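> Counting in our numbering, the sequence shown runs from 1 upward without gaps.
We put the beta carbon where it would ideally sit given N, CA and C, even for glycine.
Computed from a prediction, not measured in an experiment: that's the story for all the values here.
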Amino acid sequence: MTKTGRRHWLWVAFGIEATLLYGCLVHSAELGAVIPDNEKRKTARFDGTDVEIIQALLDSEEAQQIGDAVRTQSTLDLSRQGGPRIALGGSRHRLADGFGRRSRPMETYVGTDHPPLSDHGWTQALNFLKEMIGLDFRRLPDRLGAFDIYDVPEADGGDPPIDFSVERDRSTETLTYPEQFVLRATRKADDDYAVHLELELGQEPVFSKLITMHPSAMVQVEAVPFDHYRMSVFNRSGMLVQFEEHSLLLHINLNISAMGPTLAINDTLARSAQGLGPELRNSASKVRTRSTSRSKITAENDAAFEAHRTKMRALAHRLVPPSGSDRWFHRGIADEVGVIAHFNVLLDGARVSAGTIVDPYFGIDTLKRVISRLESLDVDLTVVTSLIETDPETNDPNASLLDELETVLRDLRGNGIPNAARKLRVRNLVDGPRQAFHDRYLLLTPHEGEREVYLLSNSLNRMAGKWPFCMSKLEGGAARDAALYIDGLANGRDISGSTQPTTNFQWPYDDAR
1 MTKTGRRHWL
11 WVAFGIEATL
21 LYGCLVHSAE
31 LGAVIPDNEK
41 RKTARFDGTD
51 VEIIQALLDS
61 EEAQQIGDAV
71 RTQSTLDLSR
81 QGGPRIALGG
91 SRHRLADGFG
101 RRSRPMETYV
111 GTDHPPLSDH
121 GWTQALNFLK
131 EMIGLDFRRL
141 PDRLGAFDIY
151 DVPEADGGDP
161 PIDFSVERDR
171 STETLTYPEQ
181 FVLRATRKAD
191 DDYAVHLELE
201 LGQEPVFSKL
211 ITMHPSAMVQ
221 VEAVPFDHYR
231 MSVFNRSGML
241 VQFEEHSLLL
251 HINLNISAMG
261 PTLAINDTLA
271 RSAQGLGPEL
281 RNSASKVRTR
291 STSRSKITAE
301 NDAAFEAHRT
311 KMRALAHRLV
321 PPSGSDRWFH
331 RGIADEVGVI
341 AHFNVLLDGA
351 RVSAGTIVDP
361 YFGIDTLKRV
371 ISRLESLDVD
381 LTVVTSLIET
391 DPETNDPNAS
401 LLDELETVLR
411 DLRGNGIPNA
421 ARKLRVRNLV
431 DGPRQAFHDR
441 YLLLTPHEGE
451 REVYLLSNSL
461 NRMAGKWPFC
471 MSKLEGGAAR
481 DAALYIDGLA
491 NGRDISGSTQ
501 PTTNFQWPYD
511 DAR
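(1) Could you tell me the distance, in whole angstroms, from the CA atom of Ala391 to the CA atom of Thr385?
(2) Is the stretch 307–317 touching the stretch 436–453, taking contact as three or more C-beta pairs under 8 Å?
(3) From Leu250, Lys286, Ser285 and Thr292, pick the residue whose C-alpha is nearest to that of Thr298; which is it?
(4) Considering only residues of the same chain and omitting the five flanking positions on each side of Asp378, which have a CB-CB separation below 6 Å?
(5) Does Leu381 pass the burial test, meaning 16 or more other C-beta atoms within 10 Å, or should it be called exposed?
(6) Could you check if Glu62 is buried or exposed, using at least 16 other CB atoms within 10 Å of its CB as the buried criterion?
(7) Please give the ranges of any beta strand (DSSP E) in the stretch 293–367, keeping only runs that are unbroken, at least 3 residues long and fully inside the region.
(8) Going by beta carbon distance, what residues of the same chain come within less than 8 Å of Arg138, once the five residues before and after it are set aside?
(9) Can you give the Cα-Cα distance for Leu276 and Ala264, rounded to whole angstroms?
(10) Would you grab the beta carbon distance between Glu200 and His228 for me? Rounded to a whole angstrom, and I think it's under 8 Å.
(11) Quick check: what's the CA-CA separation for Arg519 versus Asp142?
(12) Quick check: the Cα distance between Val345 and Val408, rounded to an integer number of angstroms?
(13) Using the C-alpha atoms, what's the distance from Ile364 back to Ala512?
(14) According to DSSP, is Gln500 helix, strand or coil?
(15) Which same chain residues end up closer than 7 Å to Gln274 when comparing Cβ atoms and leaving out the 5 residues on each side of it in sequence?
(16) Are the CB atoms of Leu10 and Ala69 within a distance shorter than 8 Å?
(17) Given a cut-off of 8 Å, decide if Ser74 and Leu58 are closer than it, judged by their beta-carbon atoms.
(18) Kindly list the residues whose CB is nearer than 8 Å to the CB of Thr2, restricted to its own chain and excluding five residues on each side of it in sequence; keep chain order.
(19) If you draw a straight line from the C-alpha of Pro160 to the C-alpha of Leu183, how long is it?
(20) Give the DSSP-derived three-state secondary structure of Phe137 in the structure shown.
(21) Is DSSP giving Thr268 helix, strand or coil here?
(22) Ignoring anything shorter than 4 residues, give me the alpha helix (DSSP H) runs that lie fully in the stretch 27–90, in order along the chain.
(23) Measuring CA to CA, which of Ala478, Glu198 and Asp439 is closest to Glu244?
(24) So does the stretch 476–494 actually touch the stretch 437–451, counting three or more Cβ pairs closer than 8 Å?
(25) Mark Phe329 as exposed unless 16 or more other C-beta atoms lie within 10 angstroms of its C-beta, in which case mark it buried.
(26) Should Pro205 be labelled buried (16 or more other beta-carbon atoms within 10 Å of its own) or exposed?
(27) Write down the C-beta distance between Ser103 and Leu248 rounded to the nearest angstrom, noting that I regard them as a contact closer than 8 Å.
(28) Thinking C-alpha only, which one of Thr186, Val224 and Ser208 is nearest Ala217?
(29) Please determine if the stretch 88–99 and the stretch 41–50 are in contact, where contact requires at least 3 C-beta pairs separated by less than 8 Å.
(30) Look up Val287 in the DSSP assignment and give the residues it is bridged to.
(31) Residues in its own chain within less than 7 Å of Asp431 by CB, not counting five upstream and five downstream?
(32) With 16 other CB atoms within 10 Å as the buried threshold, where does Gly355 fall?
(33) Report the rounded CA-to-CA distance for Leu254 versus Arg290, giving the unit in angstroms.
(34) Alpha carbon to alpha carbon, how far is Tyr22 from Glu131?
(35) Output needed for Phe128: all residues of its chain with C-beta closer than 8 Å, excluding positions within five of it in sequence on either side, in chain order.
(36) Could you tell me which uninterrupted alpha helix (DSSP H) segments, each at least 4 residues in length, are contained entirely in the stretch 407–455, listed from first to last along the chain?
Given below as structure tokens:
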């Protein structure tokens with residue numbers, strides 16, 4: 001190493017054939033930092049796939065060589081550390097938090113190939129990375145499979161130059177919103193700094209001021225009541241050198257539970273769970289009752305204004321609900337037409353490339369009513385239904401229901417709306433003499449972004465014509481699992497194992513568009 005004294009931390013996880021899981025080069029490691037020999041190179045396994053990890057403390061020359069190869073050759077060269085040369089692709093410059101620093105310059109270079117992990121393996125890898133280096137890639141997905149160069153080489157990792165604090169009046173026991181704050185130049189501040197302070201109250205901006213801080217200075221600022229602050233500190237050249245943003249702890253909710261007796265239940269569910277392990281067995285057969293009381297410790301502000309704001313917000317939301325993905329349609333013909341109009345918005349070819357309707361009662365009348373009114377002709381639409389020998393519109397027996405469905409589909413393609421029917425695929429699933437599924441869904445595949453899943457309250461036969469109709473967009477893990485379930489049904493499988501479906505009708509027969 002060179003004798004500059006400054007060292008820089010390199011950490012890289014990679015798979016076979018130089019595939020990149022994640023890596024970073026963090027300039028200005030803590031003084032005295034040491035990497036144990038058994039941590040310099042090791043292997044982790046994620047669902048049967050091995051990933052190697054290299055970490056090292058580099059001198060400035062070594063760090064510059066790695067950075068130069070990344071920037072000029074699009075290559076992460078780990079040959080001096082006994083590792084591979086990893087190909088990199090696109091890049092992004094940004095200000096980011098991490099490794100004990102706020103809003104510092106960072107360059108992200110994405111790997112061209114990533115380890116061949118299963119979904120379970122990726123989940124294990126995310127948990128491993130969070131535990132090992134403190135980065136939560138659920139919040140930073142575009143940095144997964146990439147290499148970060150964190151902090152410009154000339155930046156130092158010392159203490160921030162400006163300290164923000166709130167000093168309260170101790171003469172009263174009442175907790176109030178602060179109306180003043182104090183800025184202090186720390187020992188690190190050896191020059192003038194421009195400090196931009198922004199204050200918020202209830203997520204609304206209430207104060208903004210630019211303050212010049214001299215070395216060793218302390219400034220007390222009279223402001224307005226606030227519960228959140230944002231501070232940006234700039235050096236003489238105008239570069240951001242410090243950033244802080246925090247909410248003040250002014251509200252504490254307390255729940256106190258008095259535990260009651262434990263009740264034992266011996267019903268069908270409890271008996272069914274007997275062989276599924278002690279935790280699940282106890283959860284099914286025992287109920288621990290409790291009684292809960294709530295209290296709150298909160299700062300006092302303008303009580304009359306807060307009561308007014310709460311009341312008027314509730315009124316505004318009741319009169320004009322915030323727009324969102326969830327929709328409610330009242331019973332009646334007008335809202336039945338409204339459901340179809342909303343489907344046209346969701347199934348717009350400018351926004352989505354494909355859609356799947358899962359509805360066990362999507363019958364002939366529904367096909368005519370809905371498909372004939374869809375406006376976008378370039379959306380690949382799949383309908384998965386589960387018709388048996390009962391007409392879903394009339395509940396009358398009809399052994400030739402699928403033959404009639406085929407006739408209607410041919411009429412739609414030949415005479416009615418051939419363009420829309422050309423993009424339509426219909427699959428009917430049955431589980432012996434029973435229907436193969438129960439719930440109703442709409443799955444959309446946007447041109448950009450994640451797939452969307454909506455849970456439908458009713459079948460689309462008469463929709464809001466008979467009952468109120470509700471559509472609710474699923475989020476998170478529920479959306480992911482529902483999408484996989486819908487994919488399975490669209491391909492004739494029930495991945496939940498609830499039924500053993502077979503396809504007894506498919507349109508078109510050769511699945512050709």
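Put simply:
(1) The residue you asked about is not Ala; residue 391 is Asp in the sequence shown. Cα to Cα, Asp391 sits roughly 13 Å from Thr385.
(2) no
(3) Leu250
(4) Gly349
(5) buried
(6) buried
(7) 327–329 and 352–358
(8) Leu126
(9) 17 Å
(10) 4 Å
(11) There is no way to answer for residue 519, as the model of the chain reaches only from 1 to 513.
(12) 25 Å
(13) Note that Ala512 has pLDDT 43, beneath the 50 cutoff, so the model's placement of it is unreliable and no number is given.
(14) coil
(15) Arg281
(16) no
(17) no
(18) Reliability fails at Thr2, whose pLDDT of 39 lies under 50, so the model's placement of it is uncertain and no value is given.
(19) 12 Å
(20) coil
(21) helix
(22) 37–40 and 60–73
(23) Glu198
(24) yes
(25) buried
(26) exposed
(27) With 8 Å as the limit, Ser103 and Leu248 do not qualify as a contact, their Cβ atoms being about 20 Å apart.
(28) Thr186
(29) no
(30) Leu263
(31) Thr499, Gln500 and Pro501
(32) buried
(33) 15 Å
(34) 14 Å
(35) Ala44 and Phe46
(36) 418–422
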